[in-house]
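>
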Amino acid sequence: MKRTLLAVTLAALLQCSICSESGDKPSPSVRYELVQARLDGMQLKPSPSNFTFPIGCVRIRSVLANKYLFVSSTFDSKRRKLSLYIDYDRWILFREADYYRITRRQNQEDLYAAGDQTYDAQRRRIFTWIVGFREDEGKWEIVEAYHFPGMVHIRSKHYGEYLFAEDDNVFTWIPKWSPAKDAKYLWQIEEC
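Take the sequence shown: its letters are residues -19 to -1, 1 to 173, numbered as in mature numbering (1 follows the signal peptide of the UniProt record, and there is no 0).
1. Express the C-alpha separation of VAL112 and LYS165 in angstroms, rounding to a whole number.
2. Roughly how far, in whole angstroms, is the beta-carbon of ILE123 from the beta-carbon of PHE34, given that I think they are within contact range, below 8 Å?
3. Comparing alpha-carbon positions, which option in ILE41, VAL44, LYS62 and ILE36 lies nearest ASN150?
4. Tell me whether TRP154 sits in a helix, a strand or coil according to DSSP, three-state version.
5. Among ASN47, ARG85 and ASP101, whose alpha-carbon lies nearest the alpha-carbon of ASP148?
6. What separation, rounded to the nearest whole angstrom, lies between the Cα atoms of GLY119 and HIS139?
7. Tell me where the beta strand (DSSP E) around GLU77 begins and ends.
8. Any heavy atom of the ligand ADP closer than 6 Å to the CB of ASP117?
9. Quick one: is ARG76 buried, meaning 16 or more other Cβ sit within 10 Å of its Cβ, or exposed?
10. Quick test of your reading: TYR69 and TYR49, contact by CB under 8 Å. State the CB separation rounded to the nearest angstrom.
11. Using only the alpha-carbon positions, how far apart do ALA161 and SER58 sit?
12. Pick helix, strand or coil for ASP163, following the three-state DSSP scheme.
13. Less than 7 Å between C-beta atoms, sequence neighbours within five positions excluded: which residues of the same chain meet that for GLN103?
14. Please tell me whether TRP121 and ILE135 are closer than 7 Å, where the distance is taken between their beta carbons.
15. Pull up the distance between the alpha-carbon of LYS79 and that of ILE67, whole angstroms please.
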């Protein structure tokens, strides 16, 4: 029940943040600043230590964009690009040893951070691998976002970079740092 209340409250905050008096939709950067200001002003409580999230069939939603991780198009013969979309892909999330694998249910394609495909000096592209499992690049750590019950940070185990949403794109952030209260790095894992 607490998770549902939190999700409804956060959705309301996001909805209010993107509305303006004139009815115009603010730009993505203005929307980010509004949501970030709301997060910064929240009275935060420590997260419970017994946090769990669904395993098996899941949807992965960006809290900032209120959109889902979605395979958008084919990049080349071995991989597909990801984006955020109002519809969702179903993912299979499962734990192996000290990491998680995130596999697109349709076509059994693993999510991975591409070592050979940086977008720029600060952002690494994220793909699904059409031809199988990317041994190291397809390993992820998922931890509860401190002070945000029910929300998680997703981090590439291989690169140590956090998954983040930017407009309708998904990357990992190459500079090593902690995402703290930055809304770009907050995700919710929902059961299918």
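By construction, the Cβ of each residue, glycine as well, lies at the ideal position given by its N, Cα and C atoms. None of these values were measured; they are calculated from a predicted model.
Let me lay it out:
1. Indexing the sequence shown from 1 puts residue 165 at position 184. Indexing the sequence shown from 1 puts residue 112 at position 131. For LYS165 and VAL112, the distance between alpha carbons rounds to 30 Å.
2. As a position in the sequence shown, residue 123 is number 142, starting the count at 1. As a position in the sequence shown, residue 34 is number 53, starting the count at 1. With a Cβ gap of about 7 Å, ILE123 and PHE34 count as contacting.
3. Position 169 of the sequence shown, counted from the first residue, corresponds to residue 150. That would be LYS62, whose Cα lies nearest to the Cα of ASN150.
4. On the sequence shown, position 173 is the one that residue 154 refers to. Correct three-state label for TRP154: strand.
5. Position 167 of the sequence shown holds residue 148. Closest by alpha carbon: ASN47.
6. As a position in the sequence shown, residue 119 is number 138, starting the count at 1. As a position in the sequence shown, residue 139 is number 158, starting the count at 1. Rounded to the nearest whole angstrom, the C-alpha separation of GLY119 and HIS139 is 8 Å.
7. As a position in the sequence shown, residue 77 is number 96, starting the count at 1. Segment 72 to 77, the beta strand (DSSP E) holding GLU77.
8. Ligands displayed in this structure: none; no statement on the ligand ADP is therefore possible.
9. The sequence position of residue 76 within the sequence shown is 95, counting from 1. Around the beta carbon of ARG76, a 10 Å sphere encloses fewer than 16 other beta carbons of the protein chains shown; the residue is thus reported as exposed.
10. Taking the sequence shown and counting its residues from 1, one reaches residue 69 at position 88. Taking the sequence shown and counting its residues from 1, one reaches residue 49 at position 68. Contact holds; Cβ gap of about 3 Å.
11. Within the sequence shown, residue 161 is the residue found at index 180, counting from 1. Within the sequence shown, residue 58 is the residue found at index 77, counting from 1. C-alpha of ALA161 to C-alpha of SER58: approximately 37 Å in a straight line.
12. In the sequence shown, residue 163 corresponds to position 182, counting from 1. DSSP places ASP163 in coil when its eight states are reduced to three.
13. The residue given as residue 103 occupies position 122 in the sequence shown. Counting only Cβ-Cβ distances below 7 Å, and skipping sequence neighbours, we find TRP154, ILE155 and PRO156.
14. The count along the sequence shown starts at 1 and reaches residue 121 at position 140. The count along the sequence shown starts at 1 and reaches residue 135 at position 154. Yes, Cβ-Cβ distance for TRP121 and ILE135 is below 7 Å.
15. Here the question's residue 79 lines up with position 98 in the sequence shown. Here the question's residue 67 lines up with position 86 in the sequence shown. It should be pointed out that residue 79 corresponds to Asp in this sequence rather than to Lys. The straight-line gap from Cα to Cα measures roughly 31 Å.
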